[in-house]
Each structure stands twice: as structure tokens, then as C-alpha cells.
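If you're matching positions, the sequence shown starts at 29 in the working numbering and goes up one per residue.
Everything on this sheet refers to the single structure shown next.
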Amino acid sequence: MPTLRELASRAYANQPLRFLVVGGWNTGSGYLVFALLYYFLSPHIHYLAILALTVVVNVTNAFLCYKFIVFRTRGNYLREYLRFYAVYAVPIGLGFVLLPFAIEVLKLNAYVAQALVTLFLAGVSYLGHKHISFRRAAVDQKNGR
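What follows is the structure, encoded as C-alpha cells:
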């Protein structure tokens, strides 16, 4: 029977599991940042401006978590960060289209709309980060470097 330490070690060695856990953290914290900013700032600024502020905080948080916990890269910080933002351009762009659609057309509450959009975009981002942002690290890990 494996010990708790051995189980934890095996789980930590599993990259898709690490991505799932970190993705859960990023999704939850990203939603919380939006909800808090929306609660405090919505009487003063438009929800799309709040979304823009949320994006900066959340992308930086996600980058650090993916770099150090999921993909464990030692690559150039700036290059990886810029590639990370380039990959996030697709989900960010989709977010700026889907959130207004959900609020204005579907008439969903902003909190509900952002939760649904966030969950959808989490899957989109995994594929981009695995194959683009941290591609070199994935190749190195596959080759045992």
C-alpha cells in the first residue's frame, strides 16, 4: 500500500493533473478577481473595463503558476510571458466577445455570464499553452532533458 507521501509524489509528477489543479486555481481566482472588481467598480466603470483589469491580473497569475508548477520551465521569462500572452489573445478575444453576448443578448447576470465564459475558455487555454507557450519545455521533458 503506497504511503500518502508516495501518492502525493506521483500526483505531482503527473503534468495533466498539475494542469487541472492549477487550472482550477486559476479559474477560481480569475472569477473571484472579476467578481470583486465588478462588485466594487461596476457603479463607476463599464464591465468591459473591469474585464480588462481582470485579464492583466489573471494572466500574470496563470503564467507564474503554469511556468513553475505545471510545465516547470527554466526558459527565458520575458519570451515565455510574451508567448503566454500571445496564446491568451485567443481566449481574451473570445472573452470580450462572449461576455457581452451573454450579458446583452442572452440577458444573463454578469456573474453567471463570466462564470460560464471562464469555464469554456479554460479548455481553450490548455491546448494553446501546452503546444505554444511552453512548447520547448514540453519537448525537453519528452526527451528527458
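Each residue gets a CB set at the ideal place from its N, CA and C atoms; glycine is no exception.
| Item | Value |
| --- | --- |
| Per-residue DSSP class, three states only, for ARG102 | coil |
| Rounded C-alpha distance that separates LEU155 from VAL61 | 24 Å |
| Three-state secondary structure (DSSP) of ALA166 | Residue placement at ALA166 is flagged as unreliable, the pLDDT there being 49, under the threshold of 50; the coordinate-derived value follows with that caveat. Helix. |
| Chain C contact for TYR75 (CB, 7 Å cutoff) | Of the protein chains in this structure there is only one, and it is not chain C. |
| Bounding residues of the alpha helix (DSSP H) (the contiguous stretch that carries ASN137) | Taken as a continuous stretch (DSSP letters only), ASN137 belongs to no alpha helix (DSSP H), as it is neither H nor E. |
| Rounded C-alpha distance that separates ASN137 from TYR59 | 14 Å |
| For HIS157, three-class secondary structure by DSSP | helix |
| THR31 - DSSP class collapsed to helix/strand/coil | coil |
| CA nearest to the CA of ARG111, picked from ALA63, PHE91, VAL133 | PHE91 |
| Simplified DSSP state of ILE73, which is helix, strand or coil | coil |
| Three-way DSSP call (helix, strand, coil) for ASN54 in this model | helix |
| Option nearest ARG102 by Cα separation, candidates PRO30, ALA80, SER161, VAL115 | SER161 |
| Test item: CB-CB of VAL145 and GLY121 under 7 Å | no |
| Simplified DSSP assignment, three categories, for ASN42 | coil |
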